[in-house]
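The listed protein sequences derive, respectively, from chains A and B.
Going by the working numbering, the first sequence opens with residue 1, and the numbers climb by one from there.
Going by the working numbering, the second sequence opens with residue 1, and the numbers climb by one from there.
First comes the structure, then the notes that go with it.
There are 2 protein chains.
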Amino acid sequence: MALTTKGQATRQRIIEGAAVYLRGDDPGEATLDDIRAITGTSKGQIFHYFPGGKEELLLAVARYEARRVLDDQQPHLGALTSWAAWERWRDAVVARYRAQGRNCPLGSLMSQVGGTPGAAEVIGALLTNWRAHIRHGIERMQATGEIRPSLDADRVAAAFVAGIQGGVQVLRSSGSTWHLEATLDALTDHLRGV
Amino acid sequence: MALTTKGQATRQRIIEGAAVYLRGDDPGEATLDDIRAITGTSKGQIFHYFPGGKEELLLAVARYEARRVLDDQQPHLGALTSWAAWERWRDAVVARYRAQGRNCPLGSLMSQVGGTPGAAEVIGALLTNWRAHIRHGIERMQATGEIRPSLDADRVAAAFVAGIQGGVQVLRSSGSTWHLEATLDALTDHLRGV
DNA sequence: CATGAAGTGGACCGCTGGGTCCATAAAGAG
DNA sequence: CTCTTTATGGACCCAGCGGTCCACTTCATG
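In structure tokens form, the structure reads like this:
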């Protein structure tokens with residue numbers, strides 16, 4: 001399947017259109033017809049660019065969204081070198097998810113394609129990457145003596161990742177970022193030794 | 001709709017059968033036929049006892065499962081009066097979710113009925129209750145001077161709830177309780193002031 | 001300009017799954 | 001014992017959705 005420039009553009013349009021749809025108000029179940037409608041394409045095209053059908057398409061969207069998750073936290077996530085930076089990162093995370101509201105594209109995706117091996121791989125890669133960034137930040141603060149060296153940086157980083165994950169999940173059903181903020185603040189306080 | 005004793009028994013059998021199915025290996029999408037098969041009932045009965053159809057049934061199952069979540073943490077959750085008790089509770093939570101494995105009945109449920117107002121209400125009630133128990137435990141430890149009084153008990157309790165939630169979600173896709181344990185330990189260390 | 005490959009549109013198919021309906025069997029109530 | 005109410009079984013309906021197929025168009029290349 002050799003893709004021309006035009007072909008690649010169409011393929012990308014399908015992915016991004018699907019992503020837009022999933023970020024919309026009522027993404028309960030994304031059907032191929034929904035995606036077809038919003039992207040202005042035809043059934044033929046979808047199966048032309050995603051021979052694996054719906055699963056392959058949704059997986060591509062998941063990869064696209066996973067990338068956005070980390071991108072939206074930059075540049076803060078990559079430069080956790082001072083308490084002020086941690087504060088900025090925290091605010092960015094809260095703002096991002098508050099804007100996203102009750103709707104979690106990756107969450108919707110996972111509920112539709114979560115069982116497949118590919119899905120676990122996408123999520124796993126995202127979480128690992130995320131954790132590595134946070135761990136890196138902690139280690140840097142330990143190097144400058146601002147965080148006590150007795151803390152296990154990787155483990156606390158994992159706690160951050162899980163905490164955010166859970167905070168977002170609560171947000172999805174309650175509509176409030178209160179739990180998310182509480183978790184981030186509690187863990188940050190723990191880093192500070194407060 | 002007056003229910004006889006027999007009728008109530010059947011209704012309950014349907015709920016518990018559905019719950020068993022959702023705890024099974026491949027609960028991706030619970031269909032009425034799956035539930036019908038596992039509970040040894042007929043379509044007629046399902047709609048007789050749950051006139052609201054699938055949604056009403058799944059909501060009943062969700063209420064049933066939500067109750068189990070807290071029950072499975074007892075008696076530890078209700079008696080967080082010493083560090084040893086916190087330890088036991090932590091172990092109970094980890095054990096419960098490790099046993100549950102990649103499968104989260106409430107998670108599956110939410111992905112099928114999550115958009116409805118009833119679902120948010122069930123989850124909301126569960127989380128509020130859960131948080132209240134933990135907050136109560138923190139307050140008791142504060143009363144005995146084992147936890148510094150400067151901590152906002154309710155907020156930290158919320159962090160626990162979100163952290164567990166997230167840890168379980170990671171477990172669902174990774175199969176490992178590592179994140180869950182890391183979160184619980186980090187927050188407990190925070191309580192201890194370590 | 002010819003020719004084959006890639007891109008596009010949409011009719012069509014078959015199955016799955018929620019929901020309806022009705023006929024029949026138990027079970028109380030008088 | 002009858003008559004109403006509740007319980008049960010299962011055939012049937014039909015809309016939605018993923019997926020197939022093929023005709024047609026556009027485009028690159030020699």
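Glycine is no exception: its CB is placed at the ideal position from the N, C-alpha and C atoms.
Among the residues of its own chain, which have a CB less than 6 Å from the CB of residue i, if the five just before and after it don't count?
i                 : result
Tyr-206 (chain A) : Outside the displayed range of chain A (1 to 194) lies residue 206 (chain A), so it cannot be described from this structure.
Ala-62 (chain B)  : Leu-109 and Val-122
Gly-175 (chain B) : Arg-102
Spell out whether any CB of chain B is found under 8 Å from the CB atom of residue i.
i                 : result
Arg-13 (chain A)  : no
Gly-167 (chain A) : yes
His-190 (chain A) : yes
Gly-115 (chain A) : yes
Ile-164 (chain A) : yes
Leu-70 (chain A)  : no
Gly-28 (chain A)  : yes
Ala-66 (chain A)  : no
For residue i, does the three-state DSSP call read helix, strand or coil?
i                 : result
Thr-5 (chain A)   : helix
Val-194 (chain B) : coil
Ser-82 (chain B)  : coil
Ile-35 (chain A)  : helix
Phe-50 (chain B)  : coil
Glu-146 (chain A) : coil
Leu-151 (chain A) : coil
Glu-29 (chain A)  : coil
Gln-73 (chain B)  : coil
Thr-41 (chain A)  : coil
Arg-23 (chain B)  : helix
Asn-103 (chain B) : coil
Thr-177 (chain A) : coil
Gly-114 (chain B) : coil
Within 8 Å (strictly less), CB to CB, does residue i reach chain A?
i                 : result
Asp-5 (chain B)   : Residue identity check: residue 5 (chain B) is Thr in the sequence provided, not Asp. No - not a single Cβ of chain A is within 8 Å of the one on Thr-5 (chain B).
Leu-32 (chain B)  : no
Val-156 (chain B) : yes
Trp-178 (chain B) : yes
Val-61 (chain B)  : no
Val-93 (chain B)  : no
Ala-99 (chain B)  : no
Ile-123 (chain B) : yes
Ala-153 (chain B) : no
Thr-81 (chain B)  : no
Ala-159 (chain B) : yes
Leu-187 (chain B) : yes
Give me the Cα-Cα distance between residue i and residue j, rounded to the nearest whole angstrom.
i                 : j                 : result
Met-110 (chain A) : Gly-166 (chain A) : 15 Å
Arg-13 (chain A)  : Leu-3 (chain A)   : 14 Å
Ala-60 (chain A)  : Ala-120 (chain A) : 13 Å
Val-170 (chain A) : Leu-180 (chain A) : 8 Å
Ala-18 (chain A)  : Asp-25 (chain A)  : 13 Å
Ser-29 (chain A)  : Gln-112 (chain A) : Note that residue 29 (chain A) corresponds to Glu in the displayed sequence, not to Ser. Cα to Cα, the separation comes out at about 8 Å.
Gln-100 (chain A) : Arg-23 (chain A)  : 8 Å
Asp-34 (chain B)  : Gly-7 (chain B)   : 21 Å
Val-93 (chain B)  : His-133 (chain B) : 14 Å
Lys-54 (chain A)  : Leu-32 (chain A)  : 7 Å
Asp-91 (chain B)  : Pro-75 (chain B)  : 13 Å
Thr-39 (chain A)  : Gly-107 (chain A) : 21 Å
Pro-117 (chain B) : Thr-177 (chain A) : 19 Å
Gly-145 (chain A) : Leu-58 (chain A)  : 45 Å
Arg-67 (chain A)  : Ala-95 (chain B)  : 33 Å
Trp-86 (chain A)  : Pro-105 (chain B) : 36 Å
Measuring CA to CA, which of the options is closest to residue i?
i                 : options                            : result
Met-141 (chain A) : A:Ala-79, A:Val-20 and A:Arg-172   : A:Ala-79
His-190 (chain B) : B:Leu-151, B:Ala-162 and B:His-133 : B:Leu-151
Can you give me the Cβ contacts of residue i inside the same chain, cut-off strictly under 7 Å, excluding the 5 residues immediately before and after it?
i                 : result
Ala-153 (chain B) : Arg-135, Ile-138, Glu-139 and Gln-142
Ile-15 (chain A)  : Ala-60, Val-61 and Tyr-64
Leu-77 (chain A)  : Leu-70, Trp-89 and His-133
Leu-127 (chain B) : Val-161
With a threshold of 8 Å on Cβ separation, who are the neighbours of residue i within its own chain once the five nearest residues in sequence on each side are excluded?
i                 : result
Leu-187 (chain B) : Val-156, Ala-159, Phe-160 and Gly-163
Lys-43 (chain A)  : Leu-32 and Arg-36
Thr-183 (chain A) : Gly-163, Ile-164, Gly-166 and Gly-167
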